[in-house]
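*Asks:*
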Amino acid sequence: MAAPDHTPTEPSDIRAEAKGTAPTPLSVLDLVTVGAGHTATESLRTAVELSRLAETRGFHRYWVAEHHSMPGVASSSPAVILAHLAAHTTRIRLGSGGVMLPNHAPLVIAEQFGTLEAMAPGRVDLGLGRAPGTDGATAAALRRSDRLNEGADDFPQQLAELTRFLDDDFPDGHPYARIHAVPGPVQATSPGGVQSPHRPPVWLLGSAGFSARLAGTLGLPFAFAHHFSAQNTVPALDLYRESFRPSAVLDEPYALIGVSALATDDEKEARRQIMAAALNMVRLRTGRPGLIPTPEEAEAYDFSPMEREFVDSWNTNVIHGGADEVRSGLDDLQKRTGADELMLTANAHSGAVRLRSYELIADAYGLPA
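Under the working numbering, the first residue of the sequence shown is numbered 15, with each subsequent residue one higher.
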């Protein structure tokens, strides 16, 4: 049997259609957070429940993000988690939001995501970040080097190498021309080989201008971290669109933004929950990372004036409240940014609270039940 032509990416792998009354497609970003009094096992079980809920209710994709040395975030190994989620879902797109490319050899990532693609054909996304996803000391341990700037500066070269491994198209004479990422396209060219015509589409992630410009120049889809870099959202999206050059992947720009959004049945409860998440951020930013505190612990915490200022600023960019209030906030944000897709992350102490938030948002937009 002849091997099928290899098509790296199709527009349908990237673009999505809004459902219900949502202004754009809605997706999920999961940090697999671990609250005080809970275990990573419980958080990973919640991830399975949430991925199933997202699939059932019409969310388009479900991404997990690479973080390290943070007790309250159990997503240090996105490929492992995605393999687990692939076994418990059938339709929703699964991906990384993202894998931090400088932390890994490009060949390893190509192998991991080629394996995921073989597990869940046609529904795997490869989102790539340039930051370490942790502090400098942990990044040095991951990379076995303290020359961290080199990894970030070499990002375009690493990306080009990874893409060639994914497409199996190093030119003749290249040192890696005889090296193949497996599972991958080389299997289609082997005697008797049959291989999927797809490979995971590459997304670039960013919180400032570098990745926005690079994604635009390469004609790749772009994901911006509005949830922790809101002041840079509009400038970065403008830069992406201005820099965009049509490619074999996309003929027009496509940008999603990550958004902190928490809906509860009681508006006061939403405030309690986001204060707990904000306290966790205070501790993280001051070198004291830990488990996500309970709302009761946050209520009892004596914030210093500087911490209070940080919390107030942080919470300004968390869309929270009742379902209608969150829907209105998401609608306004989409109009202001022109984002093609909204990827929602709900940070709360309890997995049950996070699950309920996505249910309420789905109901508010009339997503499929």
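Note that beta-carbon positions come from the ideal geometry of N, C-alpha and C, so glycine has one too. These figures come from a predicted structure and were not determined experimentally.
Check for me: the beta strand (DSSP E) holding Val78 runs from which residue to which?
*Replies:* Segment Arg75 to Val78, the beta strand (DSSP E) holding Val78.
*Asks:* Within 10 angstroms of its Cβ, does Gly365 collect 16 or more other Cβ (buried), or is it exposed?
*Replies:* Answer is buried; the Cβ neighbour count reaches 16.
*Asks:* Taking just the CA atoms, how far does Met114 sit from Pro215?
*Replies:* Whole-angstrom Cα-Cα distance: 16 Å.
*Asks:* In whole angstroms, what separates the C-alpha of Met357 from that of Met320?
*Replies:* Using only the alpha carbons, I get a separation of about 30 Å.
*Asks:* If you compare alpha carbons, which of Gly272, Gly336, Val122 and Trp217 is closest to Thr38?
*Replies:* Ranking Gly272, Gly336, Val122 and Trp217 by Cα distance to Thr38 puts Gly272 first.
*Asks:* Cβ of Gly150 within 8 Å of Cβ of Leu381?
*Replies:* Cβ distance not < 8 Å, so Gly150 and Leu381 don't count as in contact.
*Asks:* So, Ile28 versus Glu69, is the Cβ gap smaller than 8 Å?
*Replies:* Their beta carbons are not under 8 Å apart, which means Ile28 does not touch Glu69 by this criterion.
*Asks:* What are the boundary residues of the beta strand (DSSP E) that Glu355 is part of?
*Replies:* Glu355 to Thr359 is the extent of the beta strand (DSSP E) around Glu355.
*Asks:* Grab me the residues of Leu374's own chain with a C-beta within less than 6 Å of its C-beta, minus the 5 sequence neighbours each way, in chain order.
*Replies:* Here the set comprises Ala277 and Ala337.
*Asks:* Measure the CB-CB distance between Gly301 and Leu219 and report whether it falls below 8 Å.
*Replies:* Not in contact: Gly301 and Leu219 (Cβ atoms no closer than 8 Å).
*Asks:* Given that a residue counts as buried once 16 or more other Cβ atoms are within 10 Å of its Cβ, and exposed if not, what is Ala191?
*Replies:* Result: exposed.
*Asks:* Among the candidates His240, Glu283 and Ala291, whose CA atom is the shortest distance from the CA of Arg370?
*Replies:* Comparing Cα positions, the closest option is Glu283.
*Asks:* Is Glu281 closer than 8 Å to Ala30 when the C-beta atoms are compared?
*Replies:* No, the Cβ-Cβ distance between Ala30 and Glu281 is not below 8 Å.
*Asks:* The alpha helix (DSSP H) that contains Ser225, what's its start and end?
*Replies:* Segment Gly223 to Leu232, the alpha helix (DSSP H) holding Ser225.
*Asks:* Have a look at Pro135 and Ser327 and give me their C-alpha separation to the nearest angstrom.
*Replies:* So the alpha carbons of these two residues sit roughly 42 Å apart.
*Asks:* Have a look at Phe179, Ser261, Thr308 and Asp139 and flag the residue whose alpha-carbon is nearest the alpha-carbon of Pro189.
*Replies:* For Pro189, the nearest C-alpha among the options comes from Phe179.
*Asks:* Between the alpha carbons of Ala291 and Phe127, how many angstroms are there, rounded?
*Replies:* Rounded to whole angstroms, Ala291 to Phe127 spans 31 Å at the Cα level.
*Asks:* Assign Thr3 to one of two classes, buried (16 or more other C-beta atoms within 10 Å of its C-beta) or exposed (fewer than that).
*Replies:* With the chain running from 15 to 383 in the structure shown, residue 3 is simply not present.
*Asks:* In chain order, what are the residue ranges of uninterrupted alpha helix (DSSP H) at least 4 long that sit wholly in the segment 60 to 110?
*Replies:* Fully enclosed alpha helix (DSSP H) runs of 4 or longer: 92 to 100.
*Asks:* Within 10 angstroms of its Cβ, does Arg259 collect 16 or more other Cβ (buried), or is it exposed?
*Replies:* Looking at its Cβ environment, which holds fewer than 16 other Cβ atoms inside 10 Å, Arg259 is exposed.
*Asks:* Nearest-angstrom Cα distance between Phe169 and Val340?
*Replies:* Approximately 36 Å between the Cα atoms of the pair.
*Asks:* Buried or exposed for Pro185, please, with buried defined as at least 16 other CB atoms from any protein chain shown within 10 angstroms of its CB.
*Replies:* With fewer than 16 Cβ atoms within 10 Å of its Cβ, Pro185 is classed as exposed.
*Asks:* If you drop the 5 nearest sequence neighbours on each side, which residues of the same chain put their C-beta closer than 7 Å to that of Gln201?
*Replies:* Result list for Gln201: Gly207 and Gln209, in chain order.
*Asks:* Should Arg368 be labelled buried (16 or more other beta-carbon atoms within 10 Å of its own) or exposed?
*Replies:* Counting Cβ neighbours within 10 Å, Arg368 comes out buried, since at least 16 surround it.
*Asks:* Please determine, among Asp252, Val138, Met133 and Val122, the residue with the shortest C-alpha to C-alpha distance to His74.
*Replies:* With distances taken between Cα atoms, His74 lies closest to Val138.
*Asks:* For Gly335, I'd like the list of residues in its chain whose CB is within less than 6 Å of its CB, leaving aside the five on either flank, ordered along the chain.
*Replies:* Same-chain partners within the cutoff: Glu281 and Ala284.
*Asks:* Would you list the one or two residues that DSSP bridges to Val113?
*Replies:* The partner list for Val113 (beta bridge, DSSP) reads Leu142.
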